[in-house]
Amino acid sequence: MKINVLKLHPDAIVPTQGAPFDAGYDLTSVEHKEIPPMGRTVVPTGISMEIPEGFYGRVAP
Numbered sequence: 001m002k003i004n005v006l007k008l009h010p011d012a013i014v015p016t017q018g019a020p021f022d023a024g025y026d027l028t029s030v031e032h033k034e035i036p037p038m039g040r041t042v043v044p045t046g047i048s049m050e051i052p053e054g055f056y057g058r059v060a061p
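Heads up: the sequence shown begins at 1 in full-length UniProt numbering, then just goes up one per residue.
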């Protein structure tokens, strides 16, 4: 599967898989933010991703 990624910020990091058979990709923030336990916030990644048809994207802890 090919996922197109567009860097929108100069410090953005293209997502990577932690291991070859991982189902997900690791995202990195372009800003330092502290999130308290069980907290939620918007975290800018500096990227835009094109998810292929028939798949879905999900950001989860």
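Ideal placement from N, C-alpha and C gives every residue a C-beta, glycine not left out.
Proximity to residue i [Cα-Cα], best of the options
i          : options           : result
residue 39 : 30, 54 and 61     : 61
residue 31 : 43, 53, 59 and 51 : 43
residue 7  : 55, 51, 45 and 56 : 45
N- and C-terminal bounds of the beta strand (DSSP E) containing residue i
i          : result
residue 1  : It is not in any beta strand (DSSP E) - residue 1 carries neither H nor E in the DSSP assignment.
residue 53 : Here residue 53 belongs to no beta strand (DSSP E), and DSSP marks it neither H nor E.
Straight-line Cα distance separating residue j from residue i
i          : j          : result
residue 58 : residue 17 : 14 Å
residue 53 : residue 41 : 28 Å
residue 33 : residue 20 : 29 Å
residue 12 : residue 29 : 8 Å
residue 47 : residue 55 : 18 Å
Is there contact here, the segment 24 to 31 with the segment 2 to 15, by at least three beta-carbon pairs under 8 Å?
-> A contact between stretches requires three or more CB pairs, one per stretch, nearer than 8 Å, and the segment 24 to 31 meets this requirement with the segment 2 to 15.
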